[in-house]
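Below: one structure, written as structure tokens.
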């Protein structure tokens, strides 16, 4: 950024900028550069999944640069304490930064793709989940996982899941390859305590600095959600035992209040505009009021901007392409502006900025009857946004989609932290700007 600015100052007058000129310009631009970095982070440009030279990377880069430039223009022309409005310098900087950004990022992405350190993996046992993991590692080569071979612990002959992966049927051959093929991690798909031979193999490999990880944990780290097949009462006792962390809960409550007050202050004009627009479009209330279940299944009143017509509305869950949703409602939902009034629920303490989405009592009762451990997601406060919402997938209230939501909800509850909360909020901004998600 500073290199682009310095070159722009040089090109402006075809001479090196004086110290005073450089200080003045670098100081004013420095107020904006953190916002540029924030927009780039929101766009996912520091994400390994995006670090690939393709049209998506170029599109996200251009969107981030456009958003950052828009902010900078607004800042320079509305900043009350300065007459600093460098039109020519800003244009030169924008052109230079765009060129330098693509030059160095495309080069870095290419070098990263070809020189990513490989983590050689071996797998003990085979299951449908192993097949899914193989597909994920092949689809995301930038993560650096290289599955070398699989130990077949079944009595049947396995087909080779990929050309680069070798199936081994003999445990001693497997042990020999572990020690000779520079394996970094071994993924275990079964309870190794049930096999004395496998325990012997794992014990002998301790000397070779090989790490061992169960398949559930590896899957979770790889895709960012849980595999519900491994979830039982013991799992909850082992992973949710710190759910009432007082330090975290106190800090998060303070965080919720601060963020909610800031959002309320910045969005007050939007409240008035949306209220007038709703009244102009059709008759009915401005707000949609509904009962939802929060922490420990405690009922509370949720408030949103109304997005559906009042006539012929049986209050059933919304479906994709629902005719009850008004034209304005579609826009409010797409931009998530309809969710803004829920900050009142956050200030009241019924909700948090981040958490599982709250559901209606009738739907909760129905889902509890057909999905084991569904009520566990209500051990914490529901949120305006959540790990599931920023996943990029739309999940309906059906049983099948609810099971998918639970994978994300349980992942969040297990791993929740201030860092994860901030990550979700930043991803929410990205989701809103790109009109993705639910």
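In our numbering, the protein residues as written are 185 to 622.
The beta carbon of each residue, even a glycine, is placed where N, CA and C say it ideally should be.
| Check | Outcome |
| --- | --- |
| Which parts of the segment 530 to 585 are runs of the alpha helix (DSSP H), unbroken and 4 residues or longer, counting only runs that do not cross its ends? | 545 to 554 |
| From the DSSP output, read off the bridge partner residues of residue 476. | 484 |
| For residue 554, which residues from the same chain have a beta carbon less than 7 Å from its beta carbon, with the 5 sequence-adjacent residues on both sides left out? | 583 |
| Applying the 10 Å Cβ sphere with the 16-neighbour rule, what's the burial state of residue 224? | buried |
| Between the segment 559 to 577 and the segment 383 to 395, do three or more beta carbon pairs fall short of 8 Å? | no |
| Along the chain, which unbroken stretches of the alpha helix (DSSP H) at least 4 residues long are found entirely within the segment 350 to 426? | 355 to 364, 380 to 388, 399 to 407 and 417 to 423 |
| Compute the Euclidean distance between the alpha carbons of residue 381 and residue 358, then round it to the nearest angstrom. | 11 Å |
| Let me know if residue 305 comes out buried or exposed under the rule of 16 or more other beta-carbons within 10 Å of its beta-carbon. | buried |
| Going by alpha carbons, who is nearest to residue 451 out of 522, 507, 602 and 431? | 522 |
| Just the C-alpha distance for residue 576 and residue 322, rounded to the nearest angstrom, thanks. | 21 Å |
| Which residues does DSSP pair with residue 492 in a beta bridge? | 509 |
| On the DSSP bridge list, what partners appear for residue 612? | Beta-bridge pairing links residue 612 to no other residue. |
| Just verifying my parser: in three-state terms, what is the DSSP assignment at residue 622? | Bear in mind that the predicted position of residue 622 carries a pLDDT of just 43, short of 50, making it too unreliable to give a figure here. |
| Among 528, 239, 594 and 615, which residue has its Cα nearest to the Cα of residue 421? | 594 |
| Between which two residues does the alpha helix (DSSP H) carrying residue 186 extend? | 186 to 197 |
| Secondary structure at residue 332, three-state DSSP: helix, strand or coil? | strand |
| Taking a contact to mean a Cβ-Cβ separation below 8 Å, would you say residue 614 touches residue 227 in this structure? | yes |
| Is the closest heavy atom of the ligand ATP to the C-beta of residue 389 under 7 Å? | You won't find the ligand ATP in this model; it holds no ligand whatsoever. |
| Quick check on DSSP: helix, strand or coil for residue 227? | coil |
| Determine which residues share a DSSP beta bridge with residue 448 and list them. | Residue 448 pairs with nothing; no bridge assigned. |
| Can you give me the start and stop residues for the alpha helix (DSSP H) that residue 211 sits inside? | 203 to 214 |
| Compute the Euclidean distance between the alpha carbons of residue 316 and residue 410, then round it to the nearest angstrom. | 13 Å |
| Would you report the Cα separation of residue 396 and residue 563, rounded to the nearest angstrom? | 31 Å |
| From this set, 192, 378 and 349, which residue's C-alpha is nearest residue 365's C-alpha? | 349 |
| Starting from the C-beta of residue 403, find all residues in its chain whose C-beta is less than 7 Å away, skip the five residues before and the five after it, and write them out in chain order. | 313, 317 and 411 |
| Taking the alpha carbon of residue 311 as the point to measure from, which residue in 328, 579, 335 and 214 has its own alpha carbon closest? | 335 |
| Taking C-alpha atoms, which residue in 307, 517 and 606 lies nearest to residue 367? | 307 |
| Span of the beta strand (DSSP E) holding residue 521? | That residue, residue 521, is in no beta strand (DSSP E); it is neither H nor E in DSSP. |
| Since I believe residue 509 is in contact with residue 517 (beta carbons under 8 Å), could you give me their beta-carbon distance rounded to a whole number of angstroms? | 7 Å |
| Here's a check: name, in chain order, each residue in its chain whose Cβ is nearer than 7 Å to the Cβ of residue 192, leaving out the five neighbours to either side. | 273, 276, 277 and 280 |
| Measuring CA to CA, which of 398, 544 and 606 is closest to residue 581? | 544 |
| Have a look at 531, 585, 477 and 203 and flag the residue whose alpha-carbon is nearest the alpha-carbon of residue 559. | 477 |
| Run through DSSP, which three-state label would residue 607 get? | helix |
| Give the C-beta separation of residue 530 and residue 608 to the nearest angstrom, bearing in mind that I take them to be a contact with Cβ-Cβ under 8 Å. | No, residue 530 and residue 608 are not in contact; Cβ-Cβ is about 14 Å, not under 8 Å. |
| For residue 256, which residues in the same chain have their Cβ closer than 6 Å to its Cβ, ignoring the five residues on either side in sequence? | 216 |
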